[in-house]
Each structure stands twice: as structure tokens, then as C-alpha cells.
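Numbering (this note's numbering), first residue to last: 1 to 252.
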Amino acid sequence: MRRPFIAGNWKMNLDRASAVALAEELAEQAKRVDGVDLAICPPSVYLDAVAKAIAGSRVALGAQNMYHEGNGAFTGEISAAMLCDLGCKYVILGHSERRHVLGETDEAINKKVHAALDAGLAPIVCVGELLSERESGQTMDVIGRQFEGSLAGISAEQMATIVIAYEPVWAIGTGRVATPQQAEEVHLDLRKVIQQRYNESVAESVRIQYGGSVKPENAADLLGQPDIDGALVGGASLKADAFMGIVAGSKG
Ligand code: 13P
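What follows is the structure, given as C-alpha cells:
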């Protein structure tokens, strides 16, 4: 049985004081929640402050990105070991904004996935198609390619610790959410891809989150689908009540 996992991706939002206040509020509200894993992924400059605000709570810390090298002359980059040092448990890798705005390739993401796993971080690996790709019937081709490329060389044991986030690009920040059926179809296909590459038990254990305009109003329908194991939440994760409303809609 997969345990639901709701993560908030704060993206490049908030300031130090509001990040800490939100984290404290979530840590408080999370006391009333059971049976679901929670994480928040603040901007990297606030990781330390947020780590302190959620220390000892049921809310885990995640980062939004990292670099694959261990250390050295890589100006502006942050290593997996640095994220571990700050108390991160998760790291989002291959988010569509990094793929499409910052030009990250599957190859680069793959190096990061390996480095994250080596350091003991659990990667949340994002995949998702553009609207034009969906409309031309290429959804699973694109997602299959992103999956194979981003997760090249990953063992079955490693795969079981990875979280996949299916985030259709056309649903991110647009208010245009995938229907539960559209999302479930892709999640089920992704699980089949995992089964073919690994085996039934790995496919059954990997958690696949949905992301893209998830809100308290649509969360229960999405999260009620058999292969949707949680959500990666952008905009609605910036308000404690909205985020916890989504958590309430999970199977936990
Ligand atoms: P929104 O929830 O704002 O659509 O963002 C989704 C997302 O990109 C989470 O990583």
C-alpha cells in the first residue's frame, strides 16, 4: 500500500519572514494529520530557516534543484551534500520550469538523480507533456522518453526510493487542471513503464504524484484515483489552509 505524499513546491516565492511563518503554521496544522507524508520545498536561500521552523514536526524538507557535482568551481550551484547538511530529505529534479525555462536536459537530470541518491536524498523526478504534444497524441512518447532519459542506470532498489511527479505543462499555474481520468491514464501508463523496466513489486511501490493546478476543491477527486499517490502543489502550497485542504483530500 502506497502512503500518500503531498509536497509543496514554493518555487521562487515568499520572503524570509513569510516563508518561516508559513512553515510554522504548516508544522502546527500537520499535528492533526495522519497517514500521509508531507514536505515543503522552499527557495534554497530559505531552506535553513524553514528547516528550523519545521524541526521535530511531521513536515519534511525538500529542495527545488541541485547540481550533480560534489563540490568545486561551480559558481551559483548547490550540491546534494549541502542539501543533506541543511536537513533536506527530498529534492525536486527535472521540474518543467527547469526543463523549459532553464533548458535542463534529461541527461543533466539523470546525473542529478544519481548524485542525489548517492547522497541519500529522495528525488522527486518530474515528467510532463506540453499542450501541443498532448494534442498531437504524443503524451506517452514524451513521458516515456523523459522517464528513460532521467532515470537511466537506476537500479530497482534505487527506483523504489524515487518519487515520480506527473505534471502536464499545460496544467501548471494555468488553473487548467487535468481531469482525474486524464491524470489517472498517464499514472497507470507510467506504472506499466516501471513494471516493464523493473518488476511488479517496484511498480506497485513507486509513488506517483500529480501536479498542475491542484487545489482543495479538486484534490479529493484527483487523489481518489487508484494510481495517483499524492500531489506536487505549486500556487496552493503558498497558503497553509489551501495546502492543508489538499492534504485533507488525500487518501490518508
Ligand atoms: P501549480 O500548482 O501552481 O499549478 O504548480 C504545479 C507545479 O509546478 C508544482 O511543481
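Note that beta-carbon positions come from the ideal geometry of N, C-alpha and C, so glycine has one too.
Computed from a predicted model, the values in this text were never measured in an experiment.
| Quick one: what's got a C-beta closer than 6 Å to V142's C-beta in the same chain, skipping five residues either side? | Result list for V142: E129 and E133, in chain order.
| said: Quick check for students: name the residue ranges of the alpha helix (DSSP H) that lie wholly in the stretch 54 to 119, counting only runs of 4 or more. | reply: 80 to 85, 96 to 100 and 106 to 119
| Which of helix, strand or coil DSSP assigns to P254 | Outside the shown range of the chain, which is 1 to 252, sits residue 254, and nothing can be said about it.
| task | Determine the contact status of K163 and A171, defining contact as a CB-CB distance below 7 Å. | result | Residue identity differs from the one stated: residue 163 is Val in this sequence, not Lys. Contact flag unset, no.
| Roughly how many angstroms separate the alpha carbons of K111 and A30, rounded to a whole number? | 34 Å
| message | Please tell me whether Q225 and E184 are closer than 7 Å, where the distance is taken between their beta carbons. | response | Against a cut-off of 7 Å, the Cβ pair of E184 and Q225 comes out as a contact.
| request: Only counting runs of 3 or more residues, tell me where the beta strand (DSSP E) segments fall wholly within the stretch 147 to 178, in order along the chain. | output: 163 to 166
| query | Within the chosen definition, does the stretch 144 to 154 reach the stretch 104 to 122 through at least 3 CB pairs nearer than 8 Å? | reply | yes
| message | Going by DSSP in three states, Y210 sits in which element: helix, strand or coil? | response | strand
| task | Look up F5 in the DSSP assignment and give the residues it is bridged to. | result | D37 and G230
| message | Quick check on Y198: does DSSP put it in helix, strand or coil? | response | coil
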